[in-house]
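Trainee: Chains as they are written, first to last, in my numbering: chain B, 31 to 362; chain V, 31 to 362; chain Z, 31 to 362.
Below are the structure tokens for one structure; questions will follow.
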Amino acid sequence: MSKRDFLSVTDLSRHEIDDLLELSARAKGKRPGQVLAGKTLGLLFFEPSLRTRVSFEVAMVQLGGHCINLSRDDLYELEPQEQAIMDGAAEEHVKDAARTLSRYVDALGIRAASRTGSWDKDRQELLVRSYAKHASVPVINLETCVEHPCQAIADLLTMRENLISLKGRKLTLTWCTHPEPKPLGATHSVLTLAAMMGMDVTLAHPLGFEVDDAVMQKSKAMASESGGSVRVINDPIEAAKGAEVIYARSWASIRHWEDGERQAMIKRSLQHWRVDSTLMGTTKNAFLMQPLPVRRNVVATDEVLDGPRSLIYEQAANRTHVQKALLMQLLK
Amino acid sequence: MSKRDFLSVTDLSRHEIDDLLELSARAKGKRPGQVLAGKTLGLLFFEPSLRTRVSFEVAMVQLGGHCINLSRDDLYELEPQEQAIMDGAAEEHVKDAARTLSRYVDALGIRAASRTGSWDKDRQELLVRSYAKHASVPVINLETCVEHPCQAIADLLTMRENLISLKGRKLTLTWCTHPEPKPLGATHSVLTLAAMMGMDVTLAHPLGFEVDDAVMQKSKAMASESGGSVRVINDPIEAAKGAEVIYARSWASIRHWEDGERQAMIKRSLQHWRVDSTLMGTTKNAFLMQPLPVRRNVVATDEVLDGPRSLIYEQAANRTHVQKALLMQLLK
Amino acid sequence: MSKRDFLSVTDLSRHEIDDLLELSARAKGKRPGQVLAGKTLGLLFFEPSLRTRVSFEVAMVQLGGHCINLSRDDLYELEPQEQAIMDGAAEEHVKDAARTLSRYVDALGIRAASRTGSWDKDRQELLVRSYAKHASVPVINLETCVEHPCQAIADLLTMRENLISLKGRKLTLTWCTHPEPKPLGATHSVLTLAAMMGMDVTLAHPLGFEVDDAVMQKSKAMASESGGSVRVINDPIEAAKGAEVIYARSWASIRHWEDGERQAMIKRSLQHWRVDSTLMGTTKNAFLMQPLPVRRNVVATDEVLDGPRSLIYEQAANRTHVQKALLMQLLK
Chain B
31 MSKRDFLSVT DLSRHEIDDL LELSARAKGK RPGQVLAGKT LGLLFFEPSL RTRVSFEVAM
91 VQLGGHCINL SRDDLYELEP QEQAIMDGAA EEHVKDAART LSRYVDALGI RAASRTGSWD
151 KDRQELLVRS YAKHASVPVI NLETCVEHPC QAIADLLTMR ENLISLKGRK LTLTWCTHPE
211 PKPLGATHSV LTLAAMMGMD VTLAHPLGFE VDDAVMQKSK AMASESGGSV RVINDPIEAA
271 KGAEVIYARS WASIRHWEDG ERQAMIKRSL QHWRVDSTLM GTTKNAFLMQ PLPVRRNVVA
331 TDEVLDGPRS LIYEQAANRT HVQKALLMQL LK
Chain V
31 MSKRDFLSVT DLSRHEIDDL LELSARAKGK RPGQVLAGKT LGLLFFEPSL RTRVSFEVAM
91 VQLGGHCINL SRDDLYELEP QEQAIMDGAA EEHVKDAART LSRYVDALGI RAASRTGSWD
151 KDRQELLVRS YAKHASVPVI NLETCVEHPC QAIADLLTMR ENLISLKGRK LTLTWCTHPE
211 PKPLGATHSV LTLAAMMGMD VTLAHPLGFE VDDAVMQKSK AMASESGGSV RVINDPIEAA
271 KGAEVIYARS WASIRHWEDG ERQAMIKRSL QHWRVDSTLM GTTKNAFLMQ PLPVRRNVVA
331 TDEVLDGPRS LIYEQAANRT HVQKALLMQL LK
Chain Z
31 MSKRDFLSVT DLSRHEIDDL LELSARAKGK RPGQVLAGKT LGLLFFEPSL RTRVSFEVAM
91 VQLGGHCINL SRDDLYELEP QEQAIMDGAA EEHVKDAART LSRYVDALGI RAASRTGSWD
151 KDRQELLVRS YAKHASVPVI NLETCVEHPC QAIADLLTMR ENLISLKGRK LTLTWCTHPE
211 PKPLGATHSV LTLAAMMGMD VTLAHPLGFE VDDAVMQKSK AMASESGGSV RVINDPIEAA
271 KGAEVIYARS WASIRHWEDG ERQAMIKRSL QHWRVDSTLM GTTKNAFLMQ PLPVRRNVVA
331 TDEVLDGPRS LIYEQAANRT HVQKALLMQL LK
């Protein structure tokens, strides 16, 4: 029996996503018991994490299982290239780490979302894909530069709880200014998943902050199949008009991926790309969503983040519940 | 129902402390069973920890619960100021971290005891107080510059076990030389708690090492209510005379809080402020207490630390038991 | 009742090793149940670890117990010298850490395998031996410069599973080139244990890479008692002839222990000391063993590491099973 990984939202069919959301809703309402007793999930973090780390550990505990956490400092430097002559800094090949861990744990989750080279290189998700290739247990993407599927599934559950139905509903996914160049994972996964569910998605960003072309094409294809739509607007206020959900998120410019200074310079003229009550006022009384952490009063104002339409903590809380459902499906 | 935090020894009434000690003694004698099954405690350490970290994790395990440990490296840099425009280094606001974690775990423990600014600033315990304000689950102070209540409760249990009754008993809490400027948390919490229990407390320290004025006033007020007393003596041998417990601890000078070099210079003339057999010889066959870690042969000599009246490991061991009692009360 | 430590393979008698292997084989076939429920194992890592860390945690989980993991960053700097005047960098004495932890956990595992001084100093295993001396609970060596007994026991189980009987079987333990100077722990423990089991051991290394003299003498004495043999050959191909197991491992030169540059320079002329299909072709269809991590295409080629006679992942997997057996014996 072949193992299932969860590296991308498109690893699941539309039908499987519906099932996962149903299961998540049930796992939220009532504790499913010790269904993963004796099972272990290994979590590998190559960057800091609060929500992902804690929500997965709590999910395993609630199901009777156990998490083993490994951070960059615990681990040897890893070589992801096949056939490498390993006389450099890397002490261990991903192949060996993946095969070894597969003998110890029942599933692996990996976060590796830092910029490490060109966009053409980073979009290959080399570390996570290499783990998935060599591990004999399911591998879960805990965020790369390209996808953050667990966040997007939790966001979908949150929208479903608040909008009730998703088809034909208006989601504006808007770029926001931010002091740091952030990975595109959450943006891509939410875009694709909303398109897959038949939502009318408006992607708003300044010129030069286009998302990955392949992800855009895939999302448009999914929208046309599901009866949804995807459009791009380069003005934040225009994009917000009539929205039922504003999803605020910053991401780095792919064009200037390797040039952090250039990114910072460009952003200085983009301070107005933030979510505040003026922008929210142009929407159709939209909910505000944002995948934490958030730079308050930069990405969005305290007023809207702490306002009655904010769902930011619901999104975070739903991480536990969708991950319980995911783990039950992957480890059953 | 409002949540209870445990940030200061004065968060508990005298009656509640008596109850906690009773429960601790029972939890020490016999394992209370899986009373916290399915409960999780999140521990956040912004400084190293051995006893606090391990004793809390063991306490949760013995009660059937689970600890999730987060250290500085796991976490995003946090912003504690309200209304901050977060365009600096801090990636996440304490408000958001506290509210998010409250959706995942059943209680939070936080250690943040480093000097970060002036004494007037550090005595506000900004990080821990901000977590407590925004979290909807109980928050436990695992040591700040101002208080270390879990240590003090464990010390109280240790004194109670060895002195049998505490009222009217003579405790000398004595400053000791140390290469590093240490926080005042343990000193303050032990002083206040001993006064609350009606002990006759002698605080011994060189001139310039006065404790926080508000803490001193509060302790004196508690002593007069409980029938105990608090006095200050600036000579170590004089202060030790007739003591039934010598409690050795170093702390930084509040006057020179921001000036580490000045602190080191002053201490060079204070090498005689250490606990040795000569000092112990002037006491009424006193027990020796000290909250580990200890700089051996600087703070106190091997001879007295390893001697028959030393209670240092009993203090450490009692951490587990008082924390089991505390967790049972906070999470019941 | 005195506690048992596991610091060296020679802490166990031949009879006890046979028992441990039997128990390991049974613990591998079938989960032994919650025999360590309520027990905690403290793991202290002063260097990175993947296999040791995860295999011990999984072992405890499978037995119903719990691991508490502490890494260098969690801990205070430790003083191992007796009677030290602790006015330097070390914040805590090993004595106090060991005695404190003994009040919290049921056993301790410690990895401290870095070069810290001269070979004469490092071969004393000061940190681990000091923990063992002062702890009142069993201490397990998780790798020092001198021994890596858990690795060697797992390797022994792997050989036993594949060779069926060990007495009189031909093991060639061969030095390999490596960019870093590695500790001798695995080499020493495997050499001694194979000699103890009556294997015919060929130790292959370039001149200047002799193992510790005391370990060699002890291994020869054990071989003569068990009917095995130990010989040294300074040519990799000659040493491999007729071998039934090739065990590849690099280690630093004891002669130049403190001189990393000299080590690197010497190795430049030793590139041919690696395991490839030519070398394997001179053996008696030998199994290939190597204690991960491995520098692929430096220590050994992909071809042999991924070939049908490679046991590298079996060795890693067996860590869990021998450690379950060990923990059951130490903590029963």
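Every residue, glycine too, gets a C-beta built ideally from N, C-alpha and C.
Note that the structure is predicted; figures quoted are calculated from it, not measured.
So which residues of chain B does Z:A346 contact, with C-beta pairs closer than 7 Å?
Mentor: Along the third sequence, one-based indexing puts residue 346 of chain Z at 316. Under the 7 Å cutoff, chain B gives T130, R133.
Trainee: What beta strand (DSSP E) runs, 3 residues minimum, are completely inside the segment 153-192 of chain V?
Mentor: Counting only runs of 3 or more, we get 169-171.
Trainee: Helix, strand or coil: which one does DSSP assign to V:V262?
Mentor: Residue mapping note: residue 262 of chain V aligns to position 232 of the second sequence, counting from 1. V:V262 falls in the strand class under three-state DSSP.
Trainee: Starting from the C-beta of V:L131, find all residues in its chain whose C-beta is less than 8 Å away, skip the five residues before and the five after it, and write them out in chain order.
Mentor: As a working note, residue 131 of chain V is residue 101 in the second sequence. Answer for V:L131: G72, L138, A165, V167, listed in chain order.
Trainee: To which residues of the same chain is Z:R61 closer than 8 Å at the C-beta, ignoring the five residues directly before and after it?
Mentor: Translated into positions along the third sequence, residue 61 of chain Z becomes position 31. Here the set comprises Q92.
Trainee: Quick one, are the C-beta atoms of V:A355 and V:S54 less than 7 Å apart?
Mentor: Translated into positions along the second sequence, residue 355 of chain V becomes position 325. Translated into positions along the second sequence, residue 54 of chain V becomes position 24. In this structure, V:S54 lies closer than 7 Å to V:A355 by Cβ.
Trainee: Name the chain Z residues that come within less than 9 Å of V:E87, Cβ to Cβ?
Mentor: Here residue 87 of chain V refers to the residue found at position 57 when the second sequence is read from its first residue. Result: T70, H96, I98, Y134.
Trainee: Report the rounded CA-to-CA distance for Z:V220 versus Z:T350, giving the unit in angstroms.
Mentor: Position 190 of the third sequence, counting from 1, holds the residue named residue 220 of chain Z. Position 320 of the third sequence, counting from 1, holds the residue named residue 350 of chain Z. Spanning the two alpha carbons is a distance of roughly 18 Å.
Trainee: With three or more C-beta pairs closer than 8 Å as the rule, is the segment 171-191 of chain B touching the segment 108-127 of chain B?
Mentor: Because the criterion of three Cβ pairs below 8 Å is not met, the segment 108-127 of chain B and the segment 171-191 of chain B do not touch.
Trainee: Using the beta-carbon count (16 or more within 10 Å), is V:H96 buried or exposed?
Mentor: As a first step, residue 96 of chain V must be located in the second sequence, where it is residue number 66. Buried is the call here.
Trainee: Please compile the residues from chain B whose C-beta is within a distance smaller than 9 Å of the C-beta of V:I342.
Mentor: In the second sequence, the residue the question calls residue 342 of chain V occupies position 312. In chain order: nothing, as chain B lies at least about 31 Å away.
Trainee: Can you give the Cα-Cα distance for Z:V124 and V:A128, rounded to whole angstroms?
Mentor: On the third sequence, residue 124 of chain Z is found 94 positions in, with the first residue counted as 1. On the second sequence, residue 128 of chain V is found 98 positions in, with the first residue counted as 1. Their Cα atoms are separated by approximately 36 Å.
Trainee: So that I know if they touch, is there some Cβ in chain B lying closer than 7 Å to that of Z:D78?
Mentor: As a working mapping, residue 78 of chain Z is identified with position 48 in the third sequence. Note that residue 78 of chain Z corresponds to Pro in the displayed sequence, not to Asp. Judged by the 7 Å Cβ criterion, Z:P78 is in contact with chain B.
Trainee: Under 7 Å, do V:H218 and V:V245 count as touching if we go by C-beta distance?
Mentor: Residue numbering aside, residue 218 of chain V sits at position 188 when the second sequence is read from its first letter. Residue numbering aside, residue 245 of chain V sits at position 215 when the second sequence is read from its first letter. Yes. Within cutoff.
Trainee: What are the start and end residues of each continuous alpha helix (DSSP H) run of 4 or more residues lying completely inside the segment 294-319 of chain V, in chain order?
Mentor: Here the runs fully enclosed are 307-311.
Trainee: Applying the criterion that 16 or more other CB atoms from any shown protein chain within 10 Å of the CB defines a buried residue, is B:L237 buried or exposed?
Mentor: On the first sequence, position 207 is the one that residue 237 of chain B refers to. With fewer than 16 other Cβ atoms within 10 Å, it is exposed.
Trainee: Report the start-end ranges of each beta strand (DSSP E) in the segment 208-293 of chain B that is 3 residues or longer and not cut off at the edges.
Mentor: You should have 230-234, 259-263, 275-279.
Trainee: If the criterion is Cβ atoms closer than 7 Å, does the pair V:I364 and V:V352 meet it?
Mentor: As shown, chain V starts at 31 and ends at 362. That puts residue 364 of chain V outside it, with no answer to give.
Trainee: Given a cut-off of 7 Å on the beta-carbon distance, is the pair Z:S195 and Z:A225 in contact?
Mentor: On the third sequence, position 165 is the one that residue 195 of chain Z refers to. On the third sequence, position 195 is the one that residue 225 of chain Z refers to. No, the Cβ-Cβ distance between Z:S195 and Z:A225 is not below 7 Å.
Trainee: Any beta-carbon of chain V closer than 7 Å to the one on B:N192?
Mentor: Within the first sequence, residue 192 of chain B is the residue found at index 162, counting from 1. Closer than 7 Å: no.
Trainee: Go ahead and label V:R298 buried or exposed: buried means 16 or more other beta carbons lie within 10 angstroms of its beta carbon, across all protein chains shown.
Mentor: Along the second sequence, read from residue 1 onward, the residue named residue 298 of chain V stands at position 268. Under this definition V:R298 is an exposed residue.
Trainee: Just how far apart, CA to CA, sit B:L37 and B:K163?
Mentor: Translated into the one-based positions of the first sequence, residue 37 of chain B becomes position 7. Translated into the one-based positions of the first sequence, residue 163 of chain B becomes position 133. Looking at the two C-alpha atoms, the distance is approximately 11 Å.
Trainee: Please determine, among B:M310, B:E191, B:Y106, B:E52, the residue with the shortest C-alpha to C-alpha distance to B:L203.
Mentor: Reading the first sequence from its first residue, position 173 is the one you call residue 203 of chain B. The shortest Cα separation from B:L203 among B:M310, B:E191, B:Y106, B:E52 belongs to B:M310.
Trainee: May I ask you to report which of helix, strand or coil DSSP gives V:N327?
Mentor: For the purposes of this step, residue 327 of chain V is taken as the residue at position 297 of the second sequence. In this structure, V:N327 counts as coil in the three-state DSSP scheme.
Trainee: May I ask you to list the residues that DSSP assigns as paired with V:I140?
Mentor: Residue numbering aside, residue 140 of chain V sits at position 110 when the second sequence is read from its first letter. Bridge partners of V:I140: V:L74, V:N171.
Trainee: At least one CB of chain Z closer than 7 Å to the CB of B:M116: is that the case?
Mentor: Working through the first sequence from its first residue, we reach residue 116 of chain B at position 86. Judged by the 7 Å Cβ criterion, B:M116 is in contact with chain Z.
Trainee: Please work out which residues of its chain come closer than 6 Å, Cβ to Cβ, to B:R279, disregarding the five sequence neighbours upstream and downstream, and give them in chain order.
Mentor: Counted from its first residue, the first sequence places residue 279 of chain B at position 249. Excluding residues within five positions, the ones whose Cβ falls inside 6 Å are A216, T217.
Trainee: Would you check if the distance between the CB atom of V:V328 and the CB atom of Z:D336 is smaller than 7 Å?
Mentor: Taking the second sequence and counting its residues from 1, one reaches residue 328 of chain V at position 298. Taking the third sequence and counting its residues from 1, one reaches residue 336 of chain Z at position 306. In this structure, Z:D336 does not lie closer than 7 Å to V:V328 by Cβ.
Trainee: Please classify V:T82: is it buried, with 16 or more other beta-carbons within 10 angstroms of its beta-carbon, or exposed?
Mentor: Locating residue 82 of chain V in the second sequence gives position 52, counting from the first residue. Looking at its Cβ environment, which holds 16 or more other Cβ atoms inside 10 Å, V:T82 is buried.
Trainee: Is there contact between the segment 184-192 of chain B and the segment 283-291 of chain B, where contact requires at least three CB pairs shorter than 8 Å?
Mentor: No, they do not touch.
Trainee: Would you identify the three-state DSSP class for Z:L341, choosing helix, strand or coil?
Mentor: The residue you call residue 341 of chain Z lines up with position 311 of the third sequence. Z:L341: coil per DSSP, three-state reduction.
Trainee: Can you give me the Cβ contacts of Z:L156 inside the same chain, cut-off strictly under 7 Å, excluding the 5 residues immediately before and after it?
Mentor: Residue numbering aside, residue 156 of chain Z sits at position 126 when the third sequence is read from its first letter. Here the set comprises P110.
Trainee: Starting from V:K69, trace the beta strand (DSSP E) both ways and give me its first and last residue.
Mentor: Residue numbering aside, residue 69 of chain V sits at position 39 when the second sequence is read from its first letter. Here V:K69 belongs to no beta strand (DSSP E), and DSSP marks it neither H nor E.
Trainee: Here's the rule I'm using: 16 or more other beta-carbon atoms within 10 Å means buried, otherwise exposed. How should Z:A316 be labelled?
Mentor: The sequence position of residue 316 of chain Z within the third sequence is 286, counting from 1. Buried.
Trainee: Output needed in chain order: residues of the segment 36-66 of chain Z with a Cβ under 7 Å from some Cβ in chain V.
Mentor: If the cut-off is 7 Å between Cβ atoms, the segment 36-66 of chain Z has nothing near chain V.
Trainee: Anyone know if the C-beta pair for B:A346 and B:L318 falls short of 7 Å?
Mentor: Here residue 346 of chain B refers to the residue found at position 316 of the first sequence. Here residue 318 of chain B refers to the residue found at position 288 of the first sequence. No.
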